[in-house]
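In this note's numbering, the protein residues as written are 6 to 256.
First comes the structure, then the notes that go with it.
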């Protein structure tokens, strides 16, 4: 074959030499082939995504694909709900296939967008950023997810994904277990909480002890913090911050 070209989110085309004759082969979604002027007379089974095969401008067959749902998918959606995170499905698959997955993982059908291109996924992310309170995270692992991963506030690439997806993401998970996504969000929230605690403690601690070490209160109390005690107090402040941060190891 020669002249192979992949069209992201749509399909692929190539020139194939068969018995000395060059034929043009197109493989992709039905809407894309129709846009190429090819008559597509086929309806996929409910819950399946159909891939059309055409040769020299004529449809010769179709392939139906059904994705197997990851075992951890439904549980990860439940955990995200418990964290107050609203889940959406942004899929390039057919509407019936995307709705089937949404039903199995208990996602509101109104939050399912199907037959998407890489650009439309990124547009969805931008619309949600404008309409939702808080940031938008996007989870993906394929080439078609790269633009949306880069456009989101927190792009999360799953383990086993493409190199391009990992390069576009802010966070790359080693595992393929979807439960790592709510775990990562929960850990990030605890981390921010600990950072705020450390800042408040360090600010208050130093606000009190620095004037004492400088003898600001000596005229009224007659008491000053000795240099050795001041050094020990400063070390205690650092140890307290580190000890508080180590609590994250149990997260």
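Glycine included, every Cβ here is placed at the ideal spot set by N, Cα and C.
- Annotation note: the segment 72 to 96 contains the following uninterrupted alpha helix (DSSP H) runs of length 4 or greater, listed N- to C-terminal: 78 to 87.
- For residue 213, the enclosing alpha helix (DSSP H) starts and ends at 185 to 218.
- Shown here, residue 142 sits in a strand according to DSSP, grouped into three states.
- Residue environment for residue 37: buried (at least 16 other C-beta atoms within 10 angstroms of its C-beta).
- Excluding five sequence positions before and after residue 52, the CB atoms of its chain that fall closer than 6 angstroms to its own CB belong to 101, 102, 105, given in chain order.
- The Cβ-Cβ distance between residue 178 and residue 156 does not fall below 8 angstroms.
- Ranked by Cα distance from residue 85, the first of 67, 250, 144 is 144.
- Between residue 147 and residue 158, the C-beta spacing is not below 8 angstroms.
- Comparing alpha carbon positions, the residue from 168, 40, 72, 153 closest to residue 16 is 40.
- Annotation for residue 124: the continuous alpha helix (DSSP H) segment containing it runs 123 to 136.
- Taken atom to atom, the span from the alpha-carbon of residue 61 to that of residue 22 is near 12 angstroms.
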